[in-house]
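As given, the protein sequences belong to chains D and L, one line each in that order. Letter 278 of the first sequence, counting from 1, is numbered 277 in numbering that gives the first Met the number 0, and no numbers are missing. Letter 132 of the second sequence, counting from 1, is numbered 131 in numbering that gives the first Met the number 0, and no numbers are missing.
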Amino acid sequence: MSYEYETVIGLEVHCELSTRTKIFCGCSTEFGGAPNTHVCPVCAGMPGTLPVLNRKVVEYALAACLALNCDITQHCKFDRKNYFYPDLPKAYQISQLYLPIGRNGHVDIECEGYEKSIGIHEIHMEEDAGKLIHDKWEDCTVIDYNRCGVPLIEIVSEPDMSSADEVIAYLEKLRRTLQYLGVSDCRMQEGSIRADINLSVRRRGEEKLGTRTEMKNMNSFKAITRAIQAETDRQIEVLEDGKRVTQETRRWDDSKCASYAMRSKEDAQDYRYFPDPDLPPVFISDDWIARVKALEPEFREDKCRRYVSEYGISEQDALVLTDSVRMADIFEETAKICKDPKEAANWLMVEAMRIVKARETDPSQMNFSPRHLAELIALVDAGTINRAAAREIFEKIFDEDIEPESYAQEHGMKIESDSAGLEKVIGEVITANPKSVEDYRAGKKKAVGFLVGQTMKAMNGRADPGTVNKMIVKMLDEER
Amino acid sequence: MDITSLSALELGSRIKAGDITSMDAVRAQFEKIKEREDRYSCYITLTQEQALRRAEQVQRRIEAGELRNQPLAGVPMALKDNICTRGVLTSCASKILEGFKPPYDAAVTERLEAAGAVMLGKLNMDEFAMGSTTETSCYGPVKNPWDTGRVPGGSSGGAAAAAAAEETWYAIGSDTGGSIRQPSSFCGVTGMKPTYGAVSRYGLIAYASSLDQIGPIARNVSDCAAVMEIIAGWDKRDSTSVRLDDYKFTDALVDDVKGLRIGIPRSYLGEGLDPEVKEAVIGAAKALEAKGAAVEYFDMGMVDYAIPAYYVIASAEASSNLSRFDGVKYGYRTPDFEDLQEMYKKTRDDGFGMEVKRRMLIGAFVLSSGYYDAYYIKALQVKALIKKGFDEAFEKYDIIIGPTAPTTAPRLGENLSDPLKMYLGDIYTVSVNLAGLPGISVPCGTDSSGLPIGVQMIGQTFSEKTLLRAAYAFEKTMPGMRPPQLDGAAVKGGEQA
């Protein structure tokens, strides 16, 4: 007889902070540099070197803590987490265990039909490690220390989530909040946001929490959803078999849609945490907190409301436009320049989103000038180019941020404004297609479409199909 | 006149005056080094050619009228081998750092360079500064110039012995639990451990980060003060570095201690202290009293807890600091391994000596879960109480006087077999590091075997100038001290001058 179970989930989310330089030295944090080019003796942990805290990191972490409603630890400290691994050149990670910067926060999420508050246990600052690259050809492992010392915050939630939907809603909310704050890019593919899942199951109605496992290595939201489902099923099966769940860390293999145990609690490492003697405590004054709080941006909820009232767009559209702060920024700037918010919204929601999908990227990666989109909208509005050409030009703007007007000019995409010339071409098309003219006169109004097509072809697309249609009808009717 | 016997300041002024060139000094020094190194083994690395090139460069600058405000410009010196020197082996006297040539200079190395110093080489030491005898060096022990059958003290044994043996005009050492003061005492030279934070630790290969401090060892107080002016200074690369109000240490070289309040903790003169050392230290206090200082005995608690607290804290930090030496990036790597774990284990097993391993094990133990509160946290509490005890004492006294070490230099091998005995030898020095205070050891006589004795003066944080003034005034009451056998057969069993 099987029981009804419920899932209990808590998350440990690591986010890379988007400071220009690393947490304890002046090296660049830029992603994708050639191996070991963003490295100095300090982040490489060379003997005798010492860390110096980047205050921007504290500021960004503080902004995150405040936005996530945490209590701020005004005297916070850094601790050393000791373990051996080649990607960790000092053999300890500078992190925060005893006095993390933020505690007792919460995030309000919205799921299908209900709202929920997810508790945040703590937020702490730490440094990222390097990357091991296994070279199959040489049969050796090499190390890239570029990521070493890139600042991270770890956001540890309470075990307050009970489904993959809630987890995704929570992650989306975190991602948006941090992106809006401008403290993290939160790009999962680049690893700038990573989530480990602590999950247990228990019979419905049971008070006591079940034994949990920690799941690592999910590289997308979809993988997270699959991992939660698989781990829930696995634990229930273990319990149904009358066995116990082992407290362990498991590694998710998304290609196999399965996980395997990495290490159990028994062989969990003792990290021998202790306060880092090289770094004095960080004092976060009331004044500093107030200054960071004052810089808080308009978050999504407020933006949505404002879009509806200020621009008169639907709430549904406002949600799409505000999903990423990048999109919202482009929208507002475009609307401001072209003074046509609805048209700006349309371009972004339809064309931009279509290209985002086709390029397998996300809206936060959009990187073109709102001025160019605004100009494009103006060109269409003035009848200088037709919609088909505009879509083609927009793709160029999206990819290469080109100037629409000069691009249209160079590529001959402007509509022929010489109506005498157009009339001449239409006349030729009519003469060349007596069958269609006959059909039209016989009442087959659709025949005009063919003539419009022929005209557009003859014009190399440099005409507005609507105008052409009107002119053909007029000419045919007049000839009668 | 043998210029290698001059003080650093004397040599500096003669170079300035044009009597001697920096190159002459370097050449003369290397002659002595060649003559004496076989006996004392002060150095790990000698950089003769580099020193000569550097001397020429400094000499040109001096002749061009530069470095006018640098009294030690052109004067050769040497650095303990845990202080990073760009392109020159920095080994910490450990096999695990074999071949390690840092691509950067320590902050003190840079400051010395800016002051026109000329480096002769890198000095021998206890492996990773762990030891009180300089016997744990993987390059073999340093011998005490006063008696080559005895240790020079440690861990800056090479630095103290080189200063005493006139194999350098001055040396830069480091002091985590007495590593500048105790060898200075054993070798009859003057060594100062500054206030924690006064000298940048950037580029000092860490033993115990919260206790390590770089300082000078020289043949007199004035030279120490002059070197302090060069090396002390705030450094943005060291977050524990502190800005001082006053860096004019040589201004403190005044023979006047009238009204200076001196306290002597009774517990510093208790059990375990060699009577001859005790007598010499009390004699030093009396000499200052005779010059107008007020001397008083007082009780200071926590003395018995200083050593255990020190070894817990220092070992804990060391276990973490030394983990980076894993064979992955630089230094020694075992040639023979199957996988990563084996590479780590063999590299570290072969690369580190016994004493270093012992302290790393102690450190890993006291930090492990379940023991952290009982040992590490408890030790930090003791540290805070020791600091409090000193703070209370400094409400009444300007300086505290006591022995630097309980005995004079032991024989080679005597302590190596009994680490606990060696640890107890640090009883008067470690609490100064735990409290972050400045301390100086000044020669105050010899025992019946003719071995030097040092008196330690301790001051409140940032009272280096008070200490230097007291030390200078005391030094004036003492005849100069020089190891009798320095010139080989010339002096035999004779009394020192």
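By construction, the Cβ of each residue, glycine as well, lies at the ideal position given by its N, Cα and C atoms.
8 Å CB neighbourhood of residue i in its chain, flanking five on each side removed
| i | result |
| --- | --- |
| residue 5(L) | 13, 168 |
| residue 385(L) | 301, 304, 305, 308, 430, 433, 434 |
| residue 346(D) | 333, 372, 375, 376, 393 |
| residue 19(L) | 2, 10, 13 |
Residues of its chain near residue i, where Cβ-Cβ distance is below 7 Å and the 5 sequence neighbours each way are ignored
| i | result |
| --- | --- |
| residue 310(L) | 361, 422 |
| residue 35(L) | 164, 166 |
| residue 394(D) | 354 |
| residue 137(L) | 92, 93, 94, 126, 352 |
| residue 382(D) | 414, 463 |
| residue 231(L) | 193, 197, 198, 243, 246 |
| residue 85(L) | 101, 102, 103, 104 |
Candidates the options: closest to residue i by CA position
| i | options | result |
| --- | --- | --- |
| residue 7(L) | 272(L), 166(L), 446(L) | 166(L) |
| residue 29(L) | 274(L), 77(L), 62(L), 440(L) | 77(L) |
| residue 325(L) | 138(D), 45(D), 466(D), 41(D) | 45(D) |
| residue 205(D) | 455(D), 462(D), 427(D), 6(D) | 6(D) |
| residue 13(D) | 434(D), 385(D), 123(D) | 123(D) |
| residue 17(D) | 58(D), 43(D), 3(D) | 58(D) |
| residue 255(L) | 318(L), 474(L), 26(L) | 474(L) |
| residue 361(D) | 325(D), 428(D), 339(D), 340(D) | 325(D) |
| residue 27(L) | 17(L), 37(L), 16(L), 50(L) | 50(L) |
| residue 40(D) | 16(L), 288(L), 236(L), 139(L) | 236(L) |
| residue 341(D) | 316(D), 328(D), 321(D) | 316(D) |
| residue 198(D) | 335(D), 399(D), 158(D), 380(D) | 158(D) |
Assigned secondary structure, residue i (DSSP; H/G/I helix, E/B strand, else coil)
| i | result |
| --- | --- |
| residue 343(L) | helix |
| residue 446(L) | coil |
| residue 11(D) | strand |
| residue 496(L) | Any answer about residue 496(L) is weak, because its pLDDT of 37 lies below 50 and its placement is not dependable; what the coordinates show is given next. It is coil, neither helix nor strand. |
| residue 150(D) | strand |
| residue 410(D) | coil |
| residue 197(L) | coil |
| residue 51(L) | helix |
| residue 20(D) | strand |
| residue 455(L) | strand |
| residue 102(D) | strand |
| residue 272(D) | coil |
| residue 260(D) | strand |
| residue 46(L) | coil |
| residue 3(L) | helix |
| residue 261(L) | strand |
| residue 287(D) | helix |
C-beta neighbour in chain D for residue i, strict 8 Å
| i | result |
| --- | --- |
| residue 174(L) | no |
| residue 85(L) | no |
| residue 100(L) | no |
| residue 239(L) | yes |
| residue 121(L) | no |
| residue 315(L) | yes |
Closer than 8 Å to chain L by CB, residue i
| i | result |
| --- | --- |
| residue 278(D) | yes |
| residue 352(D) | no |
| residue 148(D) | no |
| residue 79(D) | yes |
| residue 480(D) | Since the displayed chain D opens at 0 and closes at 479, residue 480(D) lies outside it and no answer follows. |
| residue 193(D) | no |
| residue 19(D) | no |
| residue 339(D) | no |
| residue 85(D) | yes |
| residue 96(D) | no |
Close Cβ partners of residue i (< 6 Å) along its chain, the five nearest in sequence each way excluded
| i | result |
| --- | --- |
| residue 221(L) | 8, 252 |
| residue 363(L) | 318 |
Checklist entry - In chain order, which continuous runs of the beta strand (DSSP E) of length 3 or greater are located wholly inside the stretch 294-340 of chain D? => result Fully enclosed beta strand (DSSP E) runs of 3 or longer: not present.
Next on the checklist: If we require 4 or more residues per run, which alpha helix (DSSP H) segments fall completely within the stretch 180-246 of chain D?
Outcome noted: If we require 4 residues or more, the alpha helix (DSSP H) runs fully inside the stretch 180-246 of chain D come out as 220-239.
Next on the checklist: For a minimum of 3 consecutive residues, which ranges assigned as the beta strand (DSSP E) are wholly contained in the stretch 367-441 of chain L?
Outcome noted: Segments of the beta strand (DSSP E) lying fully in the stretch 367-441 of chain L: 398-402.
Next on the checklist: At 3 residues or longer, what runs of the beta strand (DSSP E) sit wholly inside the stretch 133-182 of chain L?
Outcome noted: Restricting attention to beta strand (DSSP E) runs no shorter than 3 residues, the stretch 133-182 of chain L encloses them at 169-174, ordered along the chain.
Item to check | Segments of 3+ residues assigned as beta strand (DSSP E) that fall wholly inside the stretch 25-98 of chain D | outcome: List check, beta strand (DSSP E) in window: 78-81, 91-94.
Item to check | Segments of 3+ residues assigned as beta strand (DSSP E) that fall wholly inside the stretch 291-355 of chain L | outcome: Counting whole runs of 3 or more residues, the stretch 291-355 of chain L contains the beta strand (DSSP E) stretches 293-297.
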